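Read the structure below first, then the notes.
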Amino acid sequence: VDALEFRQVKGGDDAYLSPHPVNSLGIHFSFNRNANPEKVQEEMIPAVEMALEPFSPRAHWGKLGTKTYDPDYIEELFGSGLDSFRNLCMKHDPNGNFRNDHLNQVLFHK
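Spelled out as structure tokens, the structure:
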């Protein structure tokens, strides 16, 4: 781990995909480029997620994590805000030119 950041975030905004509907503590990890990506994905991230589970964490849909690759989890977490975001995307980017495979899988179930 190169850096570990704790960020206090005021909740209650009306953003479609806000990870902070209530006052929250954001925990951010930065890994250096020499980190073993398999170890990070298979060992470190699941260990952190398990340690935080008693606090009902809200994973960021665009960040690396085991839950953030589960479309059903993202659907449950963001509810109608996700539908509003999808509608906005379809209005401004109907062909999905600004999406990647991860967004198609996680946010659009494709």
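So the sequence shown is numbered by the working numbering: it starts at 284 and just counts up by one.
C-beta: ideal position from N, C-alpha, C; glycine also.
Note that the coordinates shown come from a computational prediction; the quantities given were computed from them, not determined experimentally.
Between the alpha carbons of leucine 300 and leucine 390 lies a distance of about 11 Å.
For serine 307, the three-state secondary structure derived from DSSP is strand. Residue burial annotation: isoleucine 357 is buried, with at least 16 other C-beta atoms found within 10 angstroms of its C-beta.
Distance from the CA of phenylalanine 312 to the CA of asparagine 370, rounded to the nearest whole angstrom, comes to 31 Å. Of the residues Glu332, Tyr352, Val284, the one whose Cα lies closest to the Cα of proline 320 is Val284.
Taking all protein chains in view, the Cβ of isoleucine 328 is crowded by 16 or more other Cβ atoms within 10 Å, so the residue is classified as buried.
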